[in-house]
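Residue numbers (my numbering), protein chains in the order written: chain F, 31 to 278; chain U, 167 to 391.
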């Protein structure tokens, strides 16, 4: 049964060489050799042994010294500075509780809207969708959101209208992919369809177009691009926009 | 100090009444997972793992549950310090059977060893014995389990590779190979990868990792994620 000459380390070597297409799949517990002066992104941690992998995925490297692991995670971990879409679940005094899918409901002060004062309160109801930026996000405190930038301007943040819009969830890596400047999905869709969209880094997307037909087309395109490369995305966008324009 | 966040874990037989054995298995799987999950990154958070046993085998249940739970955690991409792999060994005479089916372990004296190894550093994480074992039988079982744990890690790697099989080689690289026909937009591109990944989960859930072939048979635990 057992091949007496094969040691477990030989078996591990074979499994490492079997990665398809040369993608570097890493598992938790793998140690990546890197110099001392590297920037570690998500999924990696500095250890006495070296850079230890914490999450399974594809190990990526960008020159000069950035390493990270691309994971297919569904659970959002808040990061300061990211834009997220949340649902207002309660009004508690001077702030709103917003559910962003994190470990705790986030807090959004009513003064964190453009033009809001103590006398001029924003029109936010329980159940509204808000696009907000994370001001405080760490594992020990509840997340805090703001709907303004540092100069007091909204710049697209705030309440997202519910009429004629579609609000759906996608895996987190789809959000990152769609928002990447190198991904041509939004550009291709935007050249054919007219729509507005908000993508939250917590896996929620809000899209609105002239009619529900176009809105559904945009939503389908975003959901379908999960496992596609650029060529497939281009073909998919052509098909979707053709189908959406068909029965006007 | 916060209690590590693995709790609420349940092992339940789908077609039978709950047994004391299930609670023992639950306790052992929970303590194994509590060590390997990086709970310090998620304070005041609970990780809930539910394992529904469809066909049971008292001997292989523990190793199956551990492997199935690790596959579930891999799928959820929770931060883990290492990947544990569980193997059951039964000494029969001079030989040691690894993950034996009920038909194969006819001549055994009833002793068995279930060992959980850290697949990265090949260190023993947990060990549970049953029945009568001599010292030599125990050491030989642990040695064989250590070798089999490397193959369980290979299974984990194949499961992860199947899950990421549609990942672009370089992010947002241009058109790659001519034989990659773009699928119609109505058929999600990831379906094939997800089906394959699901099958890998079912295979590994058996806890019967055969290294000469890749398919296994009953009993198996279906992972409910």
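Backbone N, C-alpha and C fix where the C-beta goes; we use that ideal spot for every residue, glycine too.
Beta-carbon separation (whole angstroms), residue i vs residue j, contact threshold 8 Å
i                     : j                     : result
residue 247 (chain F) : residue 273 (chain F) : 7 Å
residue 162 (chain F) : residue 177 (chain F) : 5 Å
residue 109 (chain F) : residue 80 (chain F)  : About 24 Å; that fails the 8 Å criterion.
residue 248 (chain U) : residue 224 (chain U) : Their Cβ separation, rounded to whole angstroms, is 28 Å, which puts residue 248 (chain U) and residue 224 (chain U) out of contact at 8 Å.
residue 214 (chain F) : residue 256 (chain F) : Rounded, the Cβ-Cβ distance is 15 Å, inconsistent with contact.
residue 326 (chain U) : residue 240 (chain U) : 6 Å
residue 114 (chain F) : residue 130 (chain F) : 5 Å
residue 330 (chain U) : residue 88 (chain F)  : 6 Å
Closer than 8 Å at the beta carbon, the chain C residues around residue i
i                    : result
residue 71 (chain F) : Among the protein chains in the structure shown, which are F and U, there is no chain C.
As assigned by DSSP and simplified to three states, the class of residue i
i                     : result
residue 305 (chain U) : helix
residue 283 (chain U) : strand
residue 269 (chain F) : helix
residue 220 (chain F) : helix
residue 203 (chain F) : helix
residue 133 (chain F) : coil
residue 122 (chain F) : strand
residue 291 (chain U) : strand
residue 109 (chain F) : coil
residue 57 (chain F)  : coil
residue 49 (chain F)  : Only weak support is given to the placement of residue 49 (chain F): the predicted model assigns it a pLDDT of 40, under 50, and the value that follows is read from those uncertain coordinates. Looking at residue 49 (chain F) - three-state DSSP - the assignment turns out to be coil, as it is neither helix nor strand.
residue 82 (chain F)  : strand
residue 313 (chain U) : helix
residue 349 (chain U) : Caution is warranted here: a pLDDT of 36 is assigned to residue 349 (chain U), below 50, making its placement in the model unreliable, and no coordinate value can be reported.
residue 264 (chain F) : helix
residue 325 (chain U) : helix
residue 183 (chain U) : coil
residue 156 (chain F) : coil
residue 209 (chain F) : helix
residue 215 (chain U) : coil
residue 275 (chain F) : helix
residue 68 (chain F)  : coil
residue 187 (chain F) : coil
residue 296 (chain U) : strand
residue 205 (chain U) : helix
residue 12 (chain F)  : Shown here, chain F extends from 31 to 278; a query on residue 12 (chain F) therefore has no answer.
residue 333 (chain U) : coil
residue 319 (chain U) : helix
Endpoints, beta strand (DSSP E) assigned at residue i
i                     : result
residue 279 (chain F) : Absent from the structure is residue 279 (chain F), since the part of chain F shown begins at 31 and ends at 278.
residue 261 (chain U) : 261-264
residue 97 (chain F)  : 96-100
residue 257 (chain U) : 250-258
residue 174 (chain F) : 174-176
residue 89 (chain F)  : 87-92
residue 229 (chain F) : 225-229
residue 77 (chain F)  : 74-77
residue 237 (chain F) : 234-239
Where the alpha helix (DSSP H) containing residue i begins and where it ends
i                     : result
residue 190 (chain U) : 186-202
residue 251 (chain F) : 242-254
residue 227 (chain U) : 227-242
Within 8 Å, strictly: CB atoms of residue i and residue j
i                     : j                     : result
residue 322 (chain U) : residue 74 (chain F)  : no
residue 164 (chain F) : residue 152 (chain F) : no
residue 71 (chain F)  : residue 101 (chain F) : no
residue 125 (chain F) : residue 140 (chain F) : yes
residue 189 (chain F) : residue 170 (chain F) : no
residue 218 (chain U) : residue 318 (chain U) : no
residue 144 (chain F) : residue 184 (chain F) : yes
residue 281 (chain U) : residue 290 (chain U) : yes
residue 296 (chain U) : residue 277 (chain U) : yes
residue 99 (chain F)  : residue 112 (chain F) : no
residue 6 (chain F)   : residue 267 (chain F) : This structure cannot settle anything about residue 6 (chain F), because the visible part of chain F is limited to 31 through 278.
residue 244 (chain F) : residue 216 (chain F) : no
residue 279 (chain U) : residue 299 (chain U) : yes
residue 252 (chain U) : residue 215 (chain U) : no
residue 186 (chain U) : residue 235 (chain U) : no
residue 212 (chain F) : residue 233 (chain F) : no
Residue i CB to nearest heavy atom of the ligand NAD below 7 Å
i                    : result
residue 81 (chain F) : Questions concerning the ligand NAD fall outside what the structure shown contains, since it holds no ligand whatsoever.
**Message:** Taking beta-carbon pairs under 8 Å, can you tell me which members of the region 85-104 of chain F lie near chain U?
**Reply:** 85, 86, 87, 88, 90, 100, 101, 102, 103 and 104
**Request:** May I ask you to list, following chain order, the residues of the region 206-239 of chain U that have a beta carbon less than 8 Å from some beta carbon of chain F?
**Result:** 207, 208, 209, 210 and 211
**Request:** Pull out every residue of the region 158-170 of chain F whose Cβ sits closer than 7 Å to any Cβ of chain U, in chain order.
**Result:** 169 and 170
**Asked** According to a CB-to-CB cut-off of less than 9 Å, which residues of the region 232-261 of chain F neighbour chain U?
**Response** 250, 251, 253, 254, 255, 256, 257, 258, 259, 260 and 261
**Asked** Going along the chain, which residues of the region 284-310 of chain U sit with their C-beta nearer than 9 Å to a C-beta in chain F?
**Response** 284, 285, 286, 287, 288 and 310
**Request:** Anything in the region 132-143 of chain F with a Cβ closer than 7 Å to a Cβ of chain U? List those residues in chain order, please.
**Result:** 133
**Request:** Could you list the residues in the region 250-281 of chain U with a C-beta less than 7 Å from some C-beta on chain F, going in chain order?
**Result:** none
**Asked** Mind listing which residues of the region 182-202 of chain U have their C-beta closer than 7 Å to chain F's C-betas, in chain order?
**Response** none
**Prompt:** Got a sec: which bits of the region 320-331 of chain U sit with their beta carbon under 7 Å from any beta carbon on chain F, in order along the chain?
**Reply:** 320, 322, 323, 326, 327, 329, 330 and 331
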